[in-house]
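Okay, so here's the structure we're looking at.
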Amino acid sequence: MLSYVAIGLVGLVGLVVFWLSTKLAALSRNIAAAKQSGLPYRISIIDGVPGYLWIATHNLFLGPLHKFTPSRRWLWPKLAHVHRSWYYPQEMREALGEVYLIVSPGQIFMSSSNPEANVQLTTRRRDFVKPVELYAIVDIFGPSLLTTEGDDWKRHRKIVAPAFSEKSNSLVWKESLRQGLAMVDVWSKIEGNTSGSMKVQDTAPYTATMALHVISAAGFGVRQLWAGENEEKLGSNAIPGFNTSKLVESHAMTFKESLKTLLHSIIWLAIFPVSLLQISPFELHKKLLRSYVECSDYFSELSEFKVRQLERGEMTEQGTMDVMGPLVKASERSPEDSKGPYLTKQEVISNSWIILFAGHETSANIAHLCFLFLAIELEKQARMQEDIDSIVGSRSSEEWSYDTDLGRLWNTMLGATINETLRLMPPLIDFPKIVRGAPQPLTFDGKTVSVPTSTMIHVSTVGVQRNPRYWPSSPSKLSNKTHDLDDWVPERWFSSTKKTTEKPSSTDSGSEDSENTTSFDTSDGLLVLPKGVFIPFAEGARACPGRRFSQIEITAVLAVIFKTYSLELDVSEWASDAQVEKMSKEERRAVYQKGINKARNLIAASQSEIFLKMRGKYPVRFVKRGEEKFMGCFS
Ligand code: HEM
Numbered sequence: 001m002l003s004y005v006a007i008g009l010v011g012l013v014g015l016v017v018f019w020l021s022t023k024l025a026a027l028s029r030n031i032a033a034a035k036q037s038g039l040p041y042r043i044s045i046i047d048g049v050p051g052y053l054w055i056a057t058h059n060l061f062l063g064p065l066h067k068f069t070p071s072r073r074w075l076w077p078k079l080a081h082v083h084r085s086w087y088y089p090q091e092m093r094e095a096l097g098e099v100y101l102i103v104s105p106g107q108i109f110m111s112s113s114n115p116e117a118n119v120q121l122t123t124r125r126r127d128f129v130k131p132v133e134l135y136a137i138v139d140i141f142g143p144s145l146l147t148t149e150g151d152d153w154k155r156h157r158k159i160v161a162p163a164f165s166e167k168s169n170s171l172v173w174k175e176s177l178r179q180g181l182a183m184v185d186v187w188s189k190i191e192g193n194t195s196g197s198m199k200v201q202d203t204a205p206y207t208a209t210m211a212l213h214v215i216s217a218a219g220f221g222v223r224q225l226w227a228g229e230n231e232e233k234l235g236s237n238a239i240p241g242f243n244t245s246k247l248v249e250s251h252a253m254t255f256k257e258s259l260k261t262l263l264h265s266i267i268w269l270a271i272f273p274v275s276l277l278q279i280s281p282f283e284l285h286k287k288l289l290r291s292y293v294e295c296s297d298y299f300s301e302l303s304e305f306k307v308r309q310l311e312r313g314e315m316t317e318q319g320t321m322d323v324m325g326p327l328v329k330a331s332e333r334s335p336e337d338s339k340g341p342y343l344t345k346q347e348v349i350s351n352s353w354i355i356l357f358a359g360h361e362t363s364a365n366i367a368h369l370c371f372l373f374l375a376i377e378l379e380k381q382a383r384m385q386e387d388i389d390s391i392v393g394s395r396s397s398e399e400w401s402y403d404t405d406l407g408r409l410w411n412t413m414l415g416a417t418i419n420e421t422l423r424l425m426p427p428l429i430d431f432p433k434i435v436r437g438a439p440q441p442l443t444f445d446g447k448t449v450s451v452p453t454s455t456m457i458h459v460s461t462v463g464v465q466r467n468p469r470y471w472p473s474s475p476s477k478l479s480n481k482t483h484d485l486d487d488w489v490p491e492r493w494f495s496s497t498k499k500t501t502e503k504p505s506s507t508d509s510g511s512e513d514s515e516n517t518t519s520f521d522t523s524d525g526l527l528v529l530p531k532g533v534f535i536p537f538a539e540g541a542r543a544c545p546g547r548r549f550s551q552i553e554i555t556a557v558l559a560v561i562f563k564t565y566s567l568e569l570d571v572s573e574w575a576s577d578a579q580v581e582k583m584s585k586e587e588r589r590a591v592y593q594k595g596i597n598k599a600r601n602l603i604a605a606s607q608s609e610i611f612l613k614m615r616g617k618y619p620v621r622f623v624k625r626g627e628e629k630f631m632g633c634f635s
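Be aware that the sequence shown starts at 1, since it is given in the UniProt record's numbering, and climbs by one per residue.
Right under this line is the structure:
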């Protein structure tokens with residue numbers, strides 16, 4: 001008996017020794033490659049981009065560890081803390097430089113927050129490839145524009161990109177103005193609110209619904225209504241369950257319900273594939289599976305609805321952007337068809353999902369954060385309102401023109417507000433690339449380094465967008481830092497001194513597969529930065545095709561709301577309305593400051609779960625302009 005235990009133990013020790021020696025051998029190979037690269041590097045025992053199980057659970061271990069003071073100096077918990085990694089790029093940059101490697105047994109990881117390097121990483125598409133395997137988490141309905149590479153990606157892009165044309169944008173503008181007003185109407189009907197004063201516990205779910213509605217109408221040609229709106233308005237555009245509360249027999253959830261469940265639990269779909277969910281006894285898994293199937297069915301039904309619309313010739317009459325139209329047309333073709341590229345029926349579903357997914361939470365989070373920053377910075381909000389007034393005057397939003405008003409609004413404090421929010425809190429804190437083949441040369445700051453084979457690269461959006469070397473800045477008014485790049489300062493977008501190094505040269509821009517995603521933000525009104533510096537929408541061929549869509553959407557929503565309303569933080573945690581009424585200017589300022597501190601702390605505690613977002617909520621109050629309680633105290 002004893003001898004069996006002894007043999008077992010020896011076997012176990014042997015396995016551990018074998019495992020350790022293979023890990024050590026891999027680590028020393030990676031260290032040798034890092035040494036040859038010419039880049040600074042650090043060694044970590046944990047791989048830089050851990051798996052999905054780690055992503056889903058790491059907060060449990062690392063949250064408490066970060067509270068333990070000595071660990072704050074350690075590098076590896078910061079690297080492994082995926083949800084909070086957006087918080088550390090400056091520390092990393094100060095310790096290791098703008099481009100550095102982290103070497104672990106299973107991986108060489110590179111981070112870049114250098115504009116010159118960023119330009120090469122985003123434009124040399126064949127040298128620095130998109131690692132589509134990392135996108136499995138969002139690939140739940142199969143490969144799409146976001147999650148393919150090479151010729152397959154070009155086929156998807158050729159079909160999907162034209163839908164984001166200039167012609168479509170006026171529809172985004174109109175629908176966003178409508179949705180902004182509808183959102184206010186919903187707030188006014190919350191119990192205890194009036195149309196003159198509206199307390200909203202958390203604007204995030206509302207901006208999420210607003211963004212979903214805009215994409216649904218402008219992207220899919222299907223108008224969505226807010227709860228309480230009369231569904232008869234939809235007429236022949238009603239698709240039961242998709243945009244109505246009434247379900248058809250085959251469905252148990254509305255489209256919005258199924259989409260919401262899916263978005264909230266998407267990480268679990270990466271860990272538990274559909275085949276596992278089908279046999280799982282847990283209610284949570286059953287609900288997730290149901291929402292997955294429902295969503296897929298809804299997209300199929302929408303696609304059939306589009307086929308019928310196409311047959312009736314309705315889509316051109318409506319003049320909708322209708323991403324779905326070109327997708328459905330392409331799905332009628334075969335791979336051999338000479339009329340143009342094809343999509344399979346499943347690819348129509350996967351691309352529809354990805355457009356909703358990529359364009360919904362991103363815009364929603366930025367709109368939500370713009371609200372909070374404007375409520376924190378009342379003086380800046382007042383300046384934005386003056387700018388809006390100076391452009392639209394007393395005209396009602398129905399008369400606002402896409403051609404003349406949008407560009408003018410953008411080039412004011414309004415555009416500065418949106419850009420500054422995208423700079424400070426980009427929804428994607430970084431985007432990945434990988435070196436698949438031979439080591440790749442990378443030139444920046446007058447030297448050329450060699451990025452090793454299989455290096456996983458993160459182009460650090462947050463890193464470069466908070467780097468004082470490339471941005472106009474002043475000493476921080478909120479901390480003891482010598483720069484204010486960790487603070488929300490929209491005025492920097494009116495800086496005349498473009499404090500930048502010379503424009504980095506693009507080695508491969510204008511390549512045959514790059515799409516024109518230029519935007520009105522390249523005009524002279526706001527600060528224009530060299531390539532690779534302001535990259536919330538990425539750059540190069542794989543840049544976001546929805547850039548202009550979201551800029552127009554957020555501009556319209558902010559303009560239509562702040563034309564009539566002001567936004568203040570709710571301070572009822574510290575003082576009732578009656579108490580505030582009796583307060584002097586100084587007392588009001590002091591109580592508001594408590595709200596500001598709390599809201600700032602909540603924003604700073606945001607986490608990146610695919611997209612960077614706030615976890616807590618802060619209540620705010622929209623009041624008719626002229627009826628503010630605190631705005632005057634800050635002027
Ligand atoms: C504030 C809003 C938005 C931000 C910050 C943003 C950011 C980005 C970024 C950084 C990428 C590159 C991702 C990567 O390479 O991994 C991307 C890709 C993409 N975005 Fe956006 N996006 C926004 C809004 C939208 C909207 C409104 C839509 C659609 C209506 C959209 C659709 C897409 C698609 C389809 C891709 C994949 C493009 C490709 O791989 O060729 N995005 N976005």
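Beta carbons: idealized from backbone N, C-alpha and C, even for Gly.
Practice prompt. Using 10 angstroms around the beta-carbon of Tyr87, count the other beta-carbons present and answer buried if the total reaches 16, otherwise exposed.
Written response: Taking the sequence shown and counting its residues from 1, one reaches residue 87 at position 87. Answer is buried; the Cβ neighbour count reaches 16.
Worksheet item: With a CB to CB cut of under 6 Å and the five nearest residues on each side skipped, what residues in its chain are close to Thr482?
Response: Walking along the sequence shown from the start, residue 482 turns up at place 482. Same-chain partners within the cutoff: Pro475.
Worksheet item: Name the DSSP bridge partner or partners of Met456?
Response: In the sequence shown, the residue the question calls residue 456 occupies position 456. Paired residues: Phe109 and Ile434.
Fill in: Neighbour-count burial assignment, Asn405, 16 or more Cβ in a 10 Å radius
By one-based count along the sequence shown, residue 405 stands at place 405. Per the sequence presented here, residue 405 reads as Asp, with Asn not at that position. Buried.
Discussion item. Whole angstroms are fine: how far does the CA of Arg333 sit from the CA of Gly340?
Written reply: Taking the sequence shown and counting its residues from 1, one reaches residue 340 at position 340. Taking the sequence shown and counting its residues from 1, one reaches residue 333 at position 333. C-alpha separation (whole angstroms): 8 Å.
Discussion item. To the nearest angstrom, how far is the alpha carbon of Tyr470 from that of Ala95?
Written reply: Counting from 1 along the sequence shown, the entry for residue 470 is found at position 470. Counting from 1 along the sequence shown, the entry for residue 95 is found at position 95. About 18 Å.
Item to complete: Determine the contact status of Val449 and Phe128, defining contact as a CB-CB distance below 8 Å.
Response: By one-based count along the sequence shown, residue 449 stands at place 449. By one-based count along the sequence shown, residue 128 stands at place 128. Against a cut-off of 8 Å, the Cβ pair of Phe128 and Val449 comes out as no contact.
Discussion item. Counting beta carbon pairs with one atom in the region 487-494 and one in the region 410-430, are three or more of them shorter than 8 Å?
Written reply: yes
Worksheet item: Excluding the five sequence neighbours on either side, which residues of its own chain have a C-beta within less than 7 Å of the C-beta of Leu277, listed in chain order?
Response: Residue numbering aside, residue 277 sits at position 277 when the sequence shown is read from its first letter. So the list reads His285, Leu288 and Leu289, once near-sequence residues are dropped.
Discussion item. If I measure Cβ to Cβ from Glu468 and keep anything under 8 Å in the same chain, skipping five residues before and after, which residues do I get?
Written reply: On the sequence shown, residue 468 is found 468 positions in, with the first residue counted as 1. According to the sequence provided, residue 468 is Pro. The question's Glu does not apply to it. Cβ neighbours of Pro468 beyond the five flanking positions: Thr482, His483 and Leu485.
Worksheet entry | Burial state of Gln36 (16 or more Cβ within 10 Å) | Here residue 36 refers to the residue found at position 36 of the sequence shown. Exposed, because fewer than 16 other Cβ atoms sit within 10 Å of the Cβ of Gln36.
Fill in: DSSP state of Lys629 mapped onto helix, strand, coil
Walking along the sequence shown from the start, residue 629 turns up at place 629. Coil.
Discussion item. What does the Cβ neighbour count give for Trp19, buried or exposed, with the cut at 16 atoms within 10 Å?
Written reply: Taking the first residue of the sequence shown as 1, we reach residue 19 at position 19. That one is exposed.
Discussion item. Judging by CA-CA distance, which residue of Val138, Met253, Phe373 and Ser363 is the nearest neighbour of Val557?
Written reply: On the sequence shown, residue 557 is found 557 positions in, with the first residue counted as 1. With distances taken between Cα atoms, Val557 lies closest to Ser363.
Item to complete: Closer than 8 Å by C-beta to Pro162: which residues in its own chain qualify, once you throw out the five before and the five after it? Chain order, please.
Response: Within the sequence shown, residue 162 is the residue found at index 162, counting from 1. The residues are Pro326.
Discussion item. Give me, in chain order, the residues of the same chain whose beta-carbon lies closer than 7 Å to that of Ile554; leave out the 5 immediate sequence neighbours on both sides.
Written reply: Counting from one through the sequence shown, the residue named residue 554 turns up at place 554. Taken in chain order, the residues that qualify are Ser363, Ile366, Ala367, Cys370 and Ile418.
Worksheet entry | Coil, strand or helix - Leu612 by DSSP | Locating residue 612 in the sequence shown gives position 612, where the first residue counts as 1. Leu612 falls in the strand class under three-state DSSP.
Worksheet entry | Start-to-end residues for the beta strand (DSSP E) that takes in Ile391 | Mapped onto the sequence shown, residue 391 falls at position 391. Taken as a continuous stretch (DSSP letters only), Ile391 belongs to no beta strand (DSSP E), being part of the alpha helix (DSSP H) at Leu378 to Val392.
Fill in: alpha helix (DSSP H) segment containing Lys246, residue limits
Walking along the sequence shown from the start, residue 246 turns up at place 246. Neither: Lys246 is in no alpha helix (DSSP H) and is coded neither H nor E.
Worksheet item: Going along the chain, which residues of its own chain have a beta-carbon closer than 7 Å to the beta-carbon of Phe444, five neighbours each way excluded?
Response: Counted from its first residue, the sequence shown places residue 444 at position 444. Correct list, in chain order: Val99, Asn114, Glu116 and Ala117.
Worksheet item: So Ile137 and Ala33 are in contact, right, with Cβ under 8 Å, and what is the actual spacing, rounded?
Response: For this step, residue 137 is matched to residue 137 along the sequence shown. For this step, residue 33 is matched to residue 33 along the sequence shown. About 28 Å; that fails the 8 Å criterion.
Worksheet item: Within the present structure, is the beta-carbon of Phe534 separated from the nearest heavy atom of the ligand PLP by less than 7 Å?
Response: Absence of the ligand PLP is noted for the structure shown, with the ligand HEM being the only ligands found.
Worksheet item: Relative to the ligand HEM, is the shortest distance from any of its heavy atoms to the C-beta of Ile190 smaller than 7 Å?
Response: Taking the sequence shown and counting its residues from 1, one reaches residue 190 at position 190. Flag unset: Cβ of Ile190 not near the ligand HEM.
Item to complete: Leaving aside the five residues before and after residue 653 along the sequence, list all residues of the same chain whose C-beta is less than 6 Å from its C-beta, in chain order.
Response: Examination of residue 653 is not possible in this model, given that the chain is present from 1 through 635 alone.
Practice prompt. Using 7 Å as the cut-off, classify the Cβ of Lys167 as near or not near the heavy atoms of the ligand HEM, replying yes or no.
Written response: Reading the sequence shown from its first residue, position 167 is the one you call residue 167. Checking every heavy atom of the ligand HEM against the Cβ of Lys167, none is found closer than 7 Å.
Item to complete: Inspect the beta-carbon positions of Val184 and Leu302 and report whether they are closer than 8 Å.
Response: Locating residue 184 in the sequence shown gives position 184, counting from the first residue. Locating residue 302 in the sequence shown gives position 302, counting from the first residue. Taking 8 Å as the Cβ cut-off, Val184 and Leu302 do not qualify as a contacting pair.
Practice prompt. Have a look at Ser509 and Thr123 and give me their C-alpha separation to the nearest angstrom.
Written response: Reading the sequence shown from its first residue, position 509 is the one you call residue 509. Reading the sequence shown from its first residue, position 123 is the one you call residue 123. Note that Ser509 scores 36 on pLDDT, short of 50, meaning its location in the model is unreliable and no value can be drawn from it.
Worksheet item: Ends of the alpha helix (DSSP H) at Lys158?
Response: The residue given as residue 158 occupies position 158 in the sequence shown. Run containing Lys158: Gly150 to Val160, per the alpha helix (DSSP H) assignment.
Fill in: Per DSSP, cross-strand counterpart(s) of Met324
Indexing the sequence shown from 1 puts residue 324 at position 324. Partner(s): none; Met324 has no beta bridge.
Practice prompt. State the DSSP-derived secondary structure class of Lys130, mapped to helix, strand or coil.
Written response: For this step, residue 130 is matched to residue 130 along the sequence shown. Of the three classes helix, strand and coil, the one that applies to Lys130 here is coil, per DSSP.
Item to complete: Spell out a yes or no on whether the region 344-356 and the region 184-201 are touching, meaning 3 or more CB-CB pairs, one atom from each, closer than 8 Å.
Response: no
Worksheet item: Of the residues Pro619, Tyr135, Arg547 and Gly106, which one's Cα is nearest the Cα of Ala270?
Response: For the purposes of this step, residue 270 is taken as the residue at position 270 of the sequence shown. With distances taken between Cα atoms, Ala270 lies closest to Tyr135.
Worksheet entry | Three-state class that DSSP yields for Val623 in the structure shown | Sequence index remark: in the sequence shown, residue 623 carries index 623 (1-based). In the structure shown, Val623 sits in a strand (DSSP, three-state: E or B).
Fill in: Same chain, Cβ closer than 7 Å to Glu628, neighbours up to 5 away in sequence not counted
Numbered from 1 along the sequence shown, position 628 holds the residue referred to as residue 628. So the qualifying residues of the chain are Ser566 and Glu568.
Worksheet entry | Contact belief for Ile43 with Val103 at Cβ below 8 Å, rounded distance in angstroms | Looking up residue 43 in the sequence shown gives position 43. Looking up residue 103 in the sequence shown gives position 103. About 5 Å; that satisfies the 8 Å criterion.
Worksheet item: Going straight from the alpha carbon of Ser144 to that of Arg542, what length do you get?
Response: Counting from one through the sequence shown, the residue named residue 144 turns up at place 144. Counting from one through the sequence shown, the residue named residue 542 turns up at place 542. Each residue's Cα considered, the two are about 13 Å apart.
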